[in-house]
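Reviewing the structure listed below.
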Amino acid sequence: MAHKKGQGSTQNNRDSAGRRLGVKKFGGEKVIPGNIIIRQRGTKVHPGNGVGMGKDHTIFAVVEGVVQFENKSRSQKRVSVVPA
1 MAHKKGQGST QNNRDSAGRR LGVKKFGGEK VIPGNIIIRQ RGTKVHPGNG VGMGKDHTIF
61 AVVEGVVQFE NKSRSQKRVS VVPA
C-alpha cells in the first residue's frame with residue numbers, strides 16, 4: 001500500500017530563479033572597460049569593435065566610449081563601442 005498521498009500541486013511548485021538576461025547598456029550610453037553591455041544565451045547579438053565576448057556569450061566593453069548597435073545583415077545584429 002502506498003504511503004504518499006496525492007499531493008501533486010503542492011510538490012510541483014518549484015521553479016528556478018530568473019537569469020537576469022538582456023541589454024544592460026543601450027545605444028548612446030557611455031561605457032568604461034569591463035562594463036557588461038548584453039547578457040545573452042547564444043549569439044543573438046554579435047561582438048563588433050571595442051567589445052569582447054565571454055564564454056557565456058556576455059558582451060562587454062574593452063575600451064571607453066559610446067555603445068553603438070548596427071545590423072550586421074538582415075538577420076544578425078552587431079554591437080560596438082566607439083571611442084568618444
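In full-length UniProt numbering, the protein residues as written are 1 to 84. Every residue, glycine too, gets a C-beta built ideally from N, C-alpha and C.
Subject >> Beta carbon of Glu29 nearer than 7 Å to that of Val67 >> reply: Indexing the sequence shown from 1 puts residue 29 at position 29. Indexing the sequence shown from 1 puts residue 67 at position 67. For Glu29 and Val67, yes; Cβs fall inside 7 Å.
Subject >> Where Gly27 falls, given that 16 or more other Cβ within 10 Å makes a residue buried >> reply: Counted from its first residue, the sequence shown places residue 27 at position 27. Gly27 comes out exposed.
Subject >> Through-space distance from Val81 to Val62, alpha-carbon basis >> reply: Indexing the sequence shown from 1 puts residue 62 at position 62. Indexing the sequence shown from 1 puts residue 81 at position 81. About 8 Å.
Original post:
When you compare only the Cα positions, how much space is there between Ser73 and Asp15?
Top reply: Residue mapping note: residue 73 aligns to position 73 of the sequence shown, counting from 1. Residue mapping note: residue 15 aligns to position 15 of the sequence shown, counting from 1. Going from the Cα of Ser73 to the Cα of Asp15 covers about 37 Å.
Original post:
Whose CA, out of Ile36, Ile32, Asn13, lies closest to the CA of Arg20?
Top reply: Taking the sequence shown and counting its residues from 1, one reaches residue 20 at position 20. Comparing Cα positions, the closest option is Ile36.
Subject >> Expected contact under 8 Å - CB spacing of Ile38 and Val45 to nearest Å >> reply: Here residue 38 corresponds to residue number 38 of the sequence shown, with the count starting at 1. Here residue 45 corresponds to residue number 45 of the sequence shown, with the count starting at 1. 5 Å between Cβ atoms; contact.
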